[in-house]
Structures are given as structure tokens and as C-alpha cells.
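Numbering (the working numbering), first residue to last: 188 to 321.
Here a beta-carbon is modelled for each residue, glycine too, at the ideal position from N, C-alpha and C.
Predicted model only: the values in this text are computed from it and were never measured.
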Ligand code: SF4
Ligand code: SF4
């Protein structure tokens with residue numbers, strides 16, 4: 188019941204983007220690949236519970252802008268069927284992102300801090316390079 192009420196007050200926020208899991212970045216090149224995602228408009232990247240996702244803001248073609256209802260409700264995909272109002276975009280509460288990047292500039296800064304100013308990462312990279320030389 189609560190679900191219906193909540194969705195009736197909503198403009199279909201959950202139908203206006205999609206998020207896909209991506210591989211956990213390990214080295215500087217991986218982070219730079221993520222920076223490339225972030226060069227694209229309406230794209231963000233976040234980490235939640237240790238897992239990384241790319242989020243693309245792009246409205247579903249089946250969301251009606253007149254009444255914000257799904258136009259293919261009876262045959263909507265499984266992902267839509269399994270989505271609930273529990274912790275949905277309109278539900279109260281903040282997202283528990285551990286990291287959230289909204290631009291390539293942010294990632295550039297993050298890379299600088301993580302790899303250029305970080306002694307631990309530098310040592311790791313040096314060890315990796317030394318290992319490769321053997
Ligand atoms: S599930 Fe949440 S975000 Fe999606 S339409 Fe209903 S209230 Fe809106
Ligand atoms: S198919 Fe329907 S429920 Fe699924 S994202 Fe599109 S509009 Fe939303």
C-alpha cells in the first residue's frame with residue numbers, strides 16, 4: 188500500500204537512470220579509465236559496500252511524461268519488477284556511498300591524492316615495477 192502511495196507522488200525517479208557494476212579499480216590506469224567515464228555528460232561513478240558502479244542518467248523510453256507511469260507496466264523487465272520503494276530514490280534517507288564522483292575533475296584530484304601524495308601506494312607501485320624487471 189505504502190508503495191503505491193509513494194510512487195503516486197513521484198515523477199518516476201527510478202526510471203530516469205541506470206547503474207551498472209564495474210570492476211574494482213586497482214591501479215592508476217584503472218582509475219584513469221573511470222575518469223574517462225566521467226568525462227561523459229550525465230555520468231557518475233560511485234562505490235557502495237565496496238562495489239563500484241557507473242551511473243548513467245538517461246530516461247527510460249517507456250516512462251510517460253504526462254502521468255509518470257510506465258507505459259509497458261504489464262511487460263516491464265524483471266529489474267523493474269524487483270525494484271521496491273524500500274530505499275528507493277524517493278524514500279527518506281541518504282545513500283550510503285563510500286565514494287561518489289560526479290566529474291572527471293573530481294577523479295583527477297582523487298588520483299593525485301591517492302597515487303601522487305600517497306607513500307603507501309608509491310611503495311606498492313615501485314615494488315610492482317621492480318617485480319616486472321626480474
Ligand atoms: S519506486 Fe520510488 S523512485 Fe521509483 S517511482 Fe516509486 S517512489 Fe519513485
Ligand atoms: S520499463 Fe517501465 S518501470 Fe521499467 S524503467 Fe521503464 S518506465 Fe520504469
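Alpha carbon of residue i to alpha carbon of residue j, nearest angstrom
{"i": "residue 264", "j": "residue 270", "result": "10 Å"}
{"i": "residue 389", "j": "residue 199", "result": "Residue coverage of the chain in this structure runs from 188 to 321, which leaves residue 389 outside it and unanswerable."}
{"i": "residue 301", "j": "residue 227", "result": "22 Å"}
{"i": "residue 297", "j": "residue 224", "result": "15 Å"}
{"i": "residue 229", "j": "residue 201", "result": "15 Å"}
{"i": "residue 205", "j": "residue 317", "result": "41 Å"}
{"i": "residue 259", "j": "residue 221", "result": "34 Å"}
{"i": "residue 214", "j": "residue 266", "result": "32 Å"}
{"i": "residue 262", "j": "residue 249", "result": "11 Å"}
{"i": "residue 273", "j": "residue 193", "result": "10 Å"}
{"i": "residue 295", "j": "residue 303", "result": "11 Å"}
{"i": "residue 244", "j": "residue 231", "result": "8 Å"}
{"i": "residue 251", "j": "residue 257", "result": "6 Å"}
{"i": "residue 195", "j": "residue 268", "result": "16 Å"}
Other residues of its chain near residue i: CB distance less than 8 Å, five sequence neighbours each side excluded
{"i": "residue 235", "result": "282, 283, 284 and 285"}
{"i": "residue 212", "result": "218, 220, 221 and 239"}
{"i": "residue 299", "result": "none"}
{"i": "residue 290", "result": "225"}
{"i": "residue 293", "result": "225"}
Neighbourhood of residue i by C-beta distance below 7 Å, restricted to the same chain and skipping five residues each side
{"i": "residue 342", "result": "Outside the shown range of the chain, which is 188 to 321, sits residue 342, and nothing can be said about it."}
{"i": "residue 275", "result": "201"}
Cβ neighbours of residue i in the same chain (closer than 6 Å, five flanking residues each side left out)
{"i": "residue 197", "result": "277"}
{"i": "residue 255", "result": "198 and 199"}
{"i": "residue 233", "result": "240, 284 and 287"}
{"i": "residue 247", "result": "202"}
Residue i - containing beta strand (DSSP E), residue span
{"i": "residue 200", "result": "Careful: residue 200 lies outside any beta strand (DSSP E) and carries neither H nor E."}
Span of the alpha helix (DSSP H), counted from its first residue to its last, around residue i
{"i": "residue 215", "result": "215-225"}
Uninterrupted beta strand (DSSP E) stretches inside the region 232-304 (no shorter than 3 residues):
With a minimum length of 3 residues, the continuous beta strand (DSSP E) runs that stay inside the region 232-304 are 238-244 and 286-288.
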